[in-house]
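Residue 40 in numbering that gives the first Met the number 0 sits at position 41 of the sequence shown, with consecutive numbering throughout. A short write-up of the structure that comes next.
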Amino acid sequence: MATTVVILEMQVKPEAVEGVKASFKDLLPDTRSYDGCQGLDVYEDLDESGHLVLYERWDSKEHYQRYLNWRTETGAMEQLGKALVGPPSIKYFDRVDV
């Protein structure tokens, strides 16, 4: 099965870091069980508090985009956006067979 890696990078406002982490504990089980999600891990920069990276593995970019549309429709993305310094960065990667 092919895998598309999605890297979502964000800078959380200092006063919102713990709240975002707590909300992820509630939200991410649904993400991990969403159609096409193969796995998701969250990392925090050791040198910069609130700099979070979500390393996600999806069946395809289209699967991720369907998921992102759903999260947008539910208002979760708007809520997250209020806690961020700026918009998150989302990058998509497919494995290169070299």
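Beta carbons: idealized from backbone N, C-alpha and C, even for Gly. In this text, all values refer to a predicted model and were calculated from it rather than measured experimentally.
Endpoints, the alpha helix (DSSP H) within which E77 is located: Taken as a continuous stretch (DSSP letters only), the alpha helix (DSSP H) holding E77 covers 75 to 81.
Based on the DSSP secondary-structure assignment, which residues constitute the bridge partners of D40? Y54
Taking C-beta to C-beta, are Q10 and L79 nearer than 9 Å? For Q10 and L79, no; Cβs fall outside 9 Å.
Counting pairs of Cβ atoms below 8 Å between the stretch 13 to 28 and the stretch 36 to 48, do you hit three or more? Proximity of the stretch 13 to 28 to the stretch 36 to 48 meets the contact definition, three or more beta-carbon pairs being nearer than 8 Å.
Use the C-beta contact count for E55: other C-beta atoms within 10 angstroms, 16 or more gives buried, fewer gives exposed. buried
Just how far apart, CA to CA, sit L26 and S32? 11 Å
T3 - containing alpha helix (DSSP H), residue span: Note, T3: premise wrong, no alpha helix (DSSP H); beta strand (DSSP E) at 3 to 10.
CA-CA distance, A1 and K90? 17 Å
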